[in-house]
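Line order of the protein sequences matches chains A and B.
In this text, residue positions in the first sequence follow this note's numbering: the first is 11, and each later residue adds one.
In this text, residue positions in the second sequence follow this note's numbering: the first is 305, and each later residue adds one.
One structure is given here, and the rest of the page talks about it.
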Amino acid sequence: MGNLYDKKSLNEIKNSFEKWEKETLQNWLNQVPEREKEFTNLSNIPIKILYTPADLEDFDYNAKLGFPGNYPYTRGIHATMYRARLWTMRMFSGFGGPEETNKRLKFLIEHGETGLSLAFDYPTLIGIDPDDPMAEGEVGIVGVSVPTIEDMKIVFDGINMGQVTTNMTINPPAPVLLSFYVGVAEMQGVPYDKIGGTTQNDPLKEFIAQKSYVFPPEPAVRVSMDLIEWSVKNLPKWNPISVSGYHIREAGSTAVQELAFTIADGIEYVRQLISRGLDVDEFAHRISFFWDSHINFFEEIAKFRAARRMWAKIMKEWFHAKKERSMWMRFHTQTAGVSLTAQQPWNNIIRTTIEAMAAVLGGTQSLHTNSFDEPFRVPSEFAAKIALRTQQIIAYESGIADTIDPLAGSYYVEWLTDEIEEKAWNYIDRIEKLGGMLEAVKKGFPQRELTEASYNYQRQVEEKRKYIVGVNIFEDNQVDEIRNVPLLEFDQAEIERRQISRIRKIRSERDKELWERSLNELRKAAEKDVNLMPYILQAAKAKATLGEIISALKEVFGSYVEPPIY
Amino acid sequence: MLSLQYTKYQYKVLVAKLGIDGHDRGAKVIARALKDAGFEVIYTGIRQTPEQIVSAALQEDVDVIGVSILSGAHIHHMNKLMEELKNAGAEDIPVVVGGTIPVIDVDELKKIGVKEVFLPGESLNRIVDVVRRLAEEKKKAEK
Chain A
11 MGNLYDKKSL NEIKNSFEKW EKETLQNWLN QVPEREKEFT NLSNIPIKIL YTPADLEDFD
71 YNAKLGFPGN YPYTRGIHAT MYRARLWTMR MFSGFGGPEE TNKRLKFLIE HGETGLSLAF
131 DYPTLIGIDP DDPMAEGEVG IVGVSVPTIE DMKIVFDGIN MGQVTTNMTI NPPAPVLLSF
191 YVGVAEMQGV PYDKIGGTTQ NDPLKEFIAQ KSYVFPPEPA VRVSMDLIEW SVKNLPKWNP
251 ISVSGYHIRE AGSTAVQELA FTIADGIEYV RQLISRGLDV DEFAHRISFF WDSHINFFEE
311 IAKFRAARRM WAKIMKEWFH AKKERSMWMR FHTQTAGVSL TAQQPWNNII RTTIEAMAAV
371 LGGTQSLHTN SFDEPFRVPS EFAAKIALRT QQIIAYESGI ADTIDPLAGS YYVEWLTDEI
431 EEKAWNYIDR IEKLGGMLEA VKKGFPQREL TEASYNYQRQ VEEKRKYIVG VNIFEDNQVD
491 EIRNVPLLEF DQAEIERRQI SRIRKIRSER DKELWERSLN ELRKAAEKDV NLMPYILQAA
551 KAKATLGEII SALKEVFGSY VEPPIY
Chain B
305 MLSLQYTKYQ YKVLVAKLGI DGHDRGAKVI ARALKDAGFE VIYTGIRQTP EQIVSAALQE
365 DVDVIGVSIL SGAHIHHMNK LMEELKNAGA EDIPVVVGGT IPVIDVDELK KIGVKEVFLP
425 GESLNRIVDV VRRLAEEKKK AEK
């Protein structure tokens, strides 16, 4: 046991607190009332005026917090945390064609970025080629176009894939992009055990939030689990999945919902993998997570701490993991894109700073900081550099990273960590009763919860119960300030033409027989109960395009169409 | 509650996601706000083509088309949509668009016939007001 306070001290504190409320606080309130009727965070949890040890009654230090690197990992997954190694500064980037993105990656590496992260364009995200009619006008806008192994080769031209780790934000086509990546690494002479990085590969949150789904839920989960199983056996340094709360949050959830739905997704994946006959300790250490860091500072810090504690408990008590590493929640964080405003855009630098500080105080393993110009377009080089420098200032100047979990023991932060955890468990119970997250998604449960939460939030903004500086308070209508933001300019139409002509050239020059056979074998494999990864890798090497591989799978699995609920 | 005034007649609005981006938060919030303000709302879901949107608008005989695009491809897609509307002889249906649209693109969108462009941070009240005004104008013109 490690109770923080004995009964006698607690009673004394409670008595003096009551005395303070009656004698001091009331007098002040009589003179100057509070400025809001109720203070709530973004999860609509009411926040009290003051927290004291009385809010942490029966708080068992050892059970709730422990020590960094020890169960339940509330204070951090490593014993040394940032004193030994800073978080990885991983800037999500990509635009235009592979040439433009190669140049941007080199720029970021040159300025001290420590890990790569690829943003793909919409056609790539949903598995169609640049000359597909649906891709018209979309090639290279929100990320890089990578429809073939040849394009991936250009993205990594002059970058040693054995020395960098790369995150790829890609979901239904994840096995295809991973195959391109592995294929190019092989060409560079990098052995499988030196290939490091992450595929997002989180199918359930596609139906809940990100909406770049392709296949219906069940085959979508199968394809994703195939990637994980293959990766665990073949790529020891690869994180085959990044279970993502980010998109759930950006699509309008509260912090509590983000936490609960994402952990419930993770539970579903662990069950799926165990049902394939894998031992939990064989794969659990390769599962990573991805969180949003929103603008309510303490709420986010509490969320990160609760997340680690919950996952450790689930892995230990539900799934009987034995290895410590299986219980670690390792995670990437991105500051909240949705918190940025087009109005007074320079203020976004400040928002991102606050959110990045919360991520670091929450113990993240890697971090992307948004650029201030992202309400308009993918970032300019100038804006991306400020965002990277924001992390470097936190790391090297602020002292925030000099001691582990410095907010532990704060009455407020510990109370809030417990509160968020409890509310998240309630959601997880409801999802369990629906049969787990795959079933819950099929029933539309998290989807409806998000629709409600985002509408509720928007109404709070309209009614000025939640403030956004420059939007519903301190507005100044300085349109010139917006017009003068130097946005990234590139000739999208030209890039689209280039990508189309490249893919057509690749199609005409490849070995037809090899290509056709690889796709036929893939189709046959999809109909059977076998792991698809080797077939997809074979097709990628035979220069089958992204669109062709995904189409072959759609022929077997069908396509998902969402019921339009609002 | 929102200070949304209820409309006298039940106007019909099509809320559509044009292009292939999956960001449907805004479209759904607006669909809901229009519904709460008394409109009949048809929401298309994501990944709609200009042809699908025009065909849904004609079939449902809507008074306004509201398009949501957060992919940055708004100029390209809106050009196609306005063309398609013209080809179908339906250019009397007013079209509005919202999303992650930089202010520098507003003039170009208006030039091709888009009635109103809602930029990030726009209030629901104003969106509802504009949509209602456009619906009323269309009804008046029909008489």
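Ideal placement from N, C-alpha and C gives every residue a C-beta, glycine not left out.
| Check | Outcome |
| --- | --- |
| Please confirm if B:Leu306 has its CB atom under 9 Å from at least one CB of chain A. | For B:Leu306, the predicted model reports a pLDDT of 48, less than 50, meaning its position is unreliable; a value from the coordinates is still stated below. Yes, because at least one Cβ of chain A sits closer than 9 Å to the Cβ of B:Leu306. |
| Per DSSP, A:Val348 forms a beta bridge with which residues? | Its beta-bridge partners do not exist; DSSP assigns none. |
| Buried or exposed: A:Tyr437, going by 16 or more other Cβ atoms within 10 Å of its Cβ? | buried |
| Per DSSP, A:His342 forms a beta bridge with which residues? | A:Phe300, A:Ser376 |
| Is B:Gly402 helix, strand or coil when you go by DSSP? | strand |
| At the level of alpha carbons, what is the spacing between B:Met305 and A:Leu497? | For B:Met305, the predicted model reports a pLDDT of 41, less than 50, meaning its position is unreliable; a value from the coordinates is still stated below. Approximately 38 Å between the Cα atoms of the pair. |
| Start and end of the alpha helix (DSSP H) containing B:Tyr320? | The sequence given here has Ala at residue 320 of chain B, not Tyr. Run containing B:Ala320: none in the alpha helix (DSSP H); it sits in the beta strand (DSSP E), 316–321. |
| Look at the Cβ atom of A:Lys74, then the Cβ atom of A:Thr62, and state whether they are nearer than 9 Å. | no |
| Please name the residue, chosen from A:Thr427, A:Phe500, A:Ala535, that lies closest to A:Gly150 on a Cα-to-Cα basis. | A:Phe500 |
| Under 8 Å by Cβ, that's how I've got A:Tyr279 and A:Ile324 pegged, so tell me the actual separation to the nearest angstrom. | Not really, about 12 Å apart at Cβ, beyond 8 Å. |
| Along the chain, where does the beta strand (DSSP E) containing A:Ile251 start, and where does it finish? | 251–254 |
| My assumption, with CB atoms under 8 Å, is that A:Ala294 sits in contact with A:Ala261. Please give the rounded CB distance. | Rounded, the Cβ-Cβ distance is 27 Å, inconsistent with contact. |
| Distance, Cα to Cα, A:Asn306 vs A:Ala312? | 10 Å |
| Which residue marks the beginning of the alpha helix (DSSP H) containing A:Val231, and which one marks its end? | 227–244 |
| So is B:Tyr315 in contact with chain A if we call contact Cβ pairs under 9 Å? | no |
| Tell me the rounded alpha-carbon separation between A:Glu431 and B:Gln356. | 44 Å |
| The beta strand (DSSP E) spanning A:Leu128 covers which residue range? | 125–128 |
| Starting from the beta carbon of B:Arg329, find every residue of chain A whose beta carbon is closer than 7 Å, and list them in chain order. | Ala261, Gly262, Ser464 |
| Within a Cβ cutoff of 7 Å, which residues of the same chain sit near B:Glu440, ignoring the five residues on either side of it in sequence? | none |
| Check A:Met178 in the structure and name its three-state DSSP category. | strand |
| I'd like to know whether the C-beta of A:Gly147 is nearer than 9 Å to at least one C-beta of chain B. | yes |
| Alpha carbon to alpha carbon, what distance is there between A:Glu523 and B:Val333? | 50 Å |
| Strictly by DSSP, which residues pair up with B:Gln352? | B:Leu322 |
| Looking at the C-beta of B:Ser427, does it have a partner C-beta in chain A at a distance below 9 Å? | yes |
| List the residues that DSSP assigns as beta-bridge partners of A:Asp70. | A:Asn13 |
| Could you spell out where the alpha helix (DSSP H) holding A:Phe117 opens and where it closes? | 108–120 |
| Please list, in chain order, all residues of the same chain as A:Ile238 whose beta carbon is under 6 Å from its beta carbon, the five residues on each side excluded. | Pro250, Ile251 |
| Where A:Gly255 and A:Asn181 are concerned, what is the direct C-alpha to C-alpha distance, given to the nearest angstrom? | 14 Å |
| My guess is that A:Arg315 and A:Gly276 are in contact by the Cβ rule of under 8 Å, so how many angstroms apart are they, rounded? | In fact, because the Cβ distance is near 17 Å, the residues do not count as touching under 8 Å. |
| Which residue comes first and which comes last in the beta strand (DSSP E) that contains A:Val489? | From DSSP, A:Val489 is part of no beta strand (DSSP E) but of the alpha helix (DSSP H) over 489–493. |
| Where does A:Ile359 fall in DSSP's three states? | helix |
| Listing by chain order, which chain B residues have their CB less than 9 Å from the CB of A:Arg387? | Gly376, Thr404, Pro406 |
| Spell out a yes or no on whether the stretch 394–408 of chain A and the stretch 328–344 of chain A are touching, meaning 3 or more CB-CB pairs, one atom from each, closer than 8 Å. | no |
| If I'm right that B:Ser375 touches B:Ile324 with Cβ under 8 Å, what's the distance once you round it to whole angstroms? | 7 Å |
| Mapping the DSSP letters down to three states, classify A:Trp328 as helix, strand or coil. | helix |
| Tell me the rounded alpha-carbon separation between A:Val200 and A:Met171. | 7 Å |
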